[in-house]
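These notes are about the structure you will find just below.
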Amino acid sequence: MTTVGRCREACALLAVWFAASLASVTQAADAPAIELVGRDPAGHGLVARLQQKTVVIMSGTPEQMGAAHGRLLSEKARHLVNQVVYVVGAADTLRTSRWFFDRMAEIERRAGPHVPQRFFAECDALADASGVSRRDARCANLFPELFHCSGVAVRGKATRDGRVLHARVLDYLRDIQLQNGAVVAVFLPDGYHAWMSLGYAGFVGTVTAMNEKGLAIGEMGGRGEGDWDGMPMSFLLRDVMERAASVDEALAIIRQTPRTCEYYYVLSDKSRNMAALECRPNEVTVLLPGQQHARLPRVPEDCVLISAGDRAQALSRRVQEHYGRIDVPALIEIIKRPVAMNSNLHNAIFAPETGQMWVADAGKKTPACDEPYTCCDMAELLTFYRKTMHAERP
Amino acid sequence: MPGPSTISFEARQASGQIVVRQWQIDTVAPDELFCEPPGLECQDVDRADLERMFAAVLKFALEQLP
Numbered sequence: 001m002t003t004v005g006r007c008r009e010a011c012a013l014l015a016v017w018f019a020a021s022l023a024s025v026t027q028a029a030d031a032p033a034i035e036l037v038g039r040d041p042a043g044h045g046l047v048a049r050l051q052q053k054t055v056v057i058m059s060g061t062p063e064q065m066g067a068a069h070g071r072l073l074s075e076k077a078r079h080l081v082n083q084v085v086y087v088v089g090a091a092d093t094l095r096t097s098r099w100f101f102d103r104m105a106e107i108e109r110r111a112g113p114h115v116p117q118r119f120f121a122e123c124d125a126l127a128d129a130s131g132v133s134r135r136d137a138r139c140a141n142l143f144p145e146l147f148h149c150s151g152v153a154v155r156g157k158a159t160r161d162g163r164v165l166h167a168r169v170l171d172y173l174r175d176i177q178l179q180n181g182a183v184v185a186v187f188l189p190d191g192y193h194a195w196m197s198l199g200y201a202g203f204v205g206t207v208t209a210m211n212e213k214g215l216a217i218g219e220m221g222g223r224g225e226g227d228w229d230g231m232p233m234s235f236l237l238r239d240v241m242e243r244a245a246s247v248d249e250a251l252a253i254i255r256q257t258p259r260t261c262e263y264y265y266v267l268s269d270k271s272r273n274m275a276a277l278e279c280r281p282n283e284v285t286v287l288l289p290g291q292q293h294a295r296l297p298r299v300p301e302d303c304v305l306i307s308a309g310d311r312a313q314a315l316s317r318r319v320q321e322h323y324g325r326i327d328v329p330a331l332i333e334i335i336k337r338p339v340a341m342n343s344n345l346h347n348a349i350f351a352p353e354t355g356q357m358w359v360a361d362a363g364k365k366t367p368a369c370d371e372p373y374t375c376c377d378m379a380e381l382l383t384f385y386r387k388t389m390h391a392e393r394p
Numbered sequence: 395m396p397g398p399s400t401i402s403f404e405a406r407q408a409s410g411q412i413v414v415r416q417w418q419i420d421t422v423a424p425d426e427l428f429c430e431p432p433g434l435e436c437q438d439v440d441r442a443d444l445e446r447m448f449a450a451v452l453k454f455a456l457e458q459l460p
């Protein structure tokens, strides 16, 4: 390709959403309709709209899911890869004085041996189907996310009805408009648990997810950049979603897996178990509900929380103010600024017992916490997918 | 001078002023202008990747205009 051709490709990024048509599926009277937008011609995925959100659902082998993802979201995936690899890559090169692609090659060399082959196979198939180079797709998926986020899970005495509710605040890169490629992605991999992620076109890992077993997880970044000899965090969380059915099983996987850098997690499950984790490559610290930590403000009974600085103080204070009355609307209020940062890219509220996830993405100029939430019901999405794909067969 | 002698800018967390010492228009640019500054560490990188970075950053900057 010529230089002009490359520049044209790089500049021609206005997303042209492919033709929307087809059918809509009748939902329960009080549930928002899921509108079918497009099907993967190979029969391994579909794109739908749920209120204002794009939902992509994929099933099959890693190669089948990756190819479906790439075909269904090709424009968005190309845009996202371009933003992450080339815009963030340029900034990273200036910040570190190291050529971005050299750093990414080092990460792949060191982390690659710890990544399950099925994830790279899916990523490569996605790249081939969407017209992104395999190298760029892997770079986008391996990019070291240095998030500054918050997470909180509450249950029992803290909530209005005793059920576990779990909020996840992602504060990162709103300025580069990653939200333009935001999708709710539902994965039905052969031989593993189905799960859904609040993620981005072109990304096969996750930082915000819940699976069909009622296990939810959200990640918060820490330090330790450069400790790449382990499974990249976003792939580790995907592995947890696909193989764990409870907080205890998730903990076992996280402990057994070689890990990179420093990350914090809040986990919860439908049995009302929950935990906050501080993970470094060589140790995992588990904070149980109500357990105090020197670096956190007061953590009330039946609560776990992870945040930092003034945001953590505000989070703790608000949880205490709403204590005993916390429901989904209250939790949405609790995580508004200043708990969320101005860079707030997306938020999710999980209800693991009912398989529901309320999601909000940043607007063009507004943080996610100020945007409306959409409720994604895992069972409804799976039913929609199976009915739609079944109806497709002769 | 055919152009401004100073260009001021303000971003969210930074501000600055670029002082233009000389404008050259419709003139032959000597190759030396495009040489790397002396004394700095240099690294050869893939030209296509570099051009895509410039293109992506330029597009992103244009998108930020009101």
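Listed in order, the protein sequences are those of chains A and B. Quick note: the first sequence uses the working numbering, first residue 1, plus one each step. Quick note: the second sequence uses the working numbering, first residue 395, plus one each step. Cβ atoms here follow ideal geometry from the backbone N, Cα and C, with glycine treated the same way. All values reported here derive from a predicted model rather than from experimental measurement.
Nearest to residue i by alpha carbon, out of the options?
| i | options | result |
| --- | --- | --- |
| LEU126 of chain A | A:LYS53, A:MET58 and A:GLU301 | A:MET58 |
| VAL439 of chain B | A:ARG386, A:ALA90 and A:ILE176 | A:ALA90 |
| VAL240 of chain A | A:MET274, A:ALA250 and A:MET220 | A:ALA250 |
| VAL115 of chain A | A:GLY205, A:THR159 and A:ARG160 | A:GLY205 |
| SER409 of chain B | B:LEU459, B:ILE401 and B:GLN437 | B:ILE401 |
| ASN211 of chain A | A:VAL284, A:ALA201 and A:SER197 | A:SER197 |
| PHE143 of chain A | A:HIS79, A:VAL84 and A:THR159 | A:VAL84 |
| LEU94 of chain A | B:LEU459, B:PRO460, B:PRO424 and B:LEU444 | B:LEU444 |
| MET378 of chain A | A:HIS322, A:VAL359, A:ALA391 and A:GLN292 | A:VAL359 |
| LEU288 of chain A | A:MET274, A:LEU381 and A:GLU380 | A:MET274 |
| GLU353 of chain A | A:CYS279, A:ALA216 and A:PRO258 | A:ALA216 |
| GLN64 of chain A | A:THR54, A:ALA111, A:LEU50 and A:ARG118 | A:ARG118 |
| ASN180 of chain A | A:ASP269, A:MET389, A:GLY199 and A:TRP99 | A:GLY199 |
| GLY162 of chain A | A:ALA77, A:ALA140, A:GLY214 and A:LYS270 | A:LYS270 |
| GLY221 of chain A | A:ASN141, A:ALA308, A:ALA294 and A:GLN256 | A:ALA308 |
Going by beta carbon distance, what residues of the same chain come within less than 7 Å of residue i, once the five residues before and after it are set aside?
| i | result |
| --- | --- |
| THR61 of chain A | ASP190 |
| ASN342 of chain A | PRO367 |
| ILE253 of chain A | ASP239, VAL240, ARG243 and ALA244 |
Give me, in chain order, the residues of the same chain whose beta-carbon lies closer than 8 Å to that of residue i; leave out the 5 immediate sequence neighbours on both sides.
| i | result |
| --- | --- |
| LEU305 of chain A | SER150, GLY151, VAL152, ALA153, VAL266, ALA276, LEU296, VAL299, ALA312, LEU315, SER316 and VAL319 |
| LEU173 of chain A | VAL88, SER343 and LEU345 |
| ASP310 of chain A | PRO338 |
| ASP229 of chain A | ARG110, ALA111, HIS114, PRO258, THR260 and PRO281 |
| TYR323 of chain A | LYS157, ALA158 and PRO300 |
Work out the CA separation of residue j and residue i for me, nearest whole Å.
| i | j | result |
| --- | --- | --- |
| GLY363 of chain A | THR421 of chain B | 46 Å |
| PHE384 of chain A | PHE187 of chain A | 13 Å |
| ALA450 of chain B | GLY355 of chain A | 39 Å |
| GLY218 of chain A | LEU456 of chain B | 33 Å |
| ARG272 of chain A | MET231 of chain A | 28 Å |
| ILE332 of chain A | ALA442 of chain B | 45 Å |
| GLU108 of chain A | GLY43 of chain A | 31 Å |
| PRO372 of chain A | PHE454 of chain B | 26 Å |
| CYS429 of chain B | ARG415 of chain B | 19 Å |
| SER97 of chain A | LYS365 of chain A | 30 Å |
| CYS376 of chain A | PHE203 of chain A | 19 Å |
| ALA129 of chain A | ALA182 of chain A | 19 Å |
| ALA10 of chain A | ARG386 of chain A | In this predicted model, ALA10 of chain A has a pLDDT of only 31, less than 50, meaning its place in the structure is not dependable enough to derive any value. |
| ALA33 of chain A | VAL284 of chain A | 42 Å |
| SER246 of chain A | PRO460 of chain B | 48 Å |
| ALA167 of chain A | ALA209 of chain A | 11 Å |
| GLN437 of chain B | PRO431 of chain B | 13 Å |
| GLY156 of chain A | CYS303 of chain A | 9 Å |
| ARG160 of chain A | ARG103 of chain A | 48 Å |
| TYR263 of chain A | ASP361 of chain A | 22 Å |
| ILE412 of chain B | ARG325 of chain A | 56 Å |
| ALA330 of chain A | LEU80 of chain A | 32 Å |
Determine which residues share a DSSP beta bridge with residue i and list them.
| i | result |
| --- | --- |
| MET58 of chain A | A:GLY45 and A:PHE187 |
| ALA276 of chain A | A:VAL266 and A:LEU287 |
| PHE403 of chain B | B:GLY410 |
| TRP195 of chain A | A:PHE187 and A:ASN211 |
| ASP420 of chain B | Bridge partners of ASP420 of chain B: none, in fact. |
| SER150 of chain A | A:VAL169 |
| LEU305 of chain A | A:VAL152 |
| ILE176 of chain A | Answer by DSSP bridge pairing: none, since ILE176 of chain A is not bridged. |
| GLU219 of chain A | A:TYR265 |
| ALA182 of chain A | A:TYR200 |
| CYS376 of chain A | A:MET357 |
| THR159 of chain A | A:ILE326 |
| MET104 of chain A | Answer is none; MET104 of chain A lacks a bridge partner. |
| ARG134 of chain A | DSSP, once it has assigned bridges, lists no residue as partnering ARG134 of chain A. |
| MET231 of chain A | A:ARG259 |
Are there any heavy atoms of the ligand FMN lying less than 7 Å away from the beta-carbon of residue i, as far as the coordinates show?
| i | result |
| --- | --- |
| VAL299 of chain A | You won't find the ligand FMN in this model; it holds no ligand whatsoever. |
Among residues of its own chain, excluding the 5 on either side of residue i, which ones have a beta-carbon nearer than 6 Å to its beta-carbon?
| i | result |
| --- | --- |
| ALA23 of chain A | No answer about ALA23 of chain A holds up, because its pLDDT of 32 lies below 50 and its placement is not dependable. |
| ARG134 of chain A | ASP124 and ALA127 |
| GLY66 of chain A | GLU122, ALA125 and LEU126 |
| MET357 of chain A | MET210, ALA348, PHE350 and CYS376 |
| THR54 of chain A | VAL183 |
| GLU404 of chain B | none |
**Request:** Output the residue ranges of the beta strand (DSSP E) runs that lie fully inside the segment 319-355 of chain A and measure 3 residues or longer, sorted by chain position.
**Result:** 344-351
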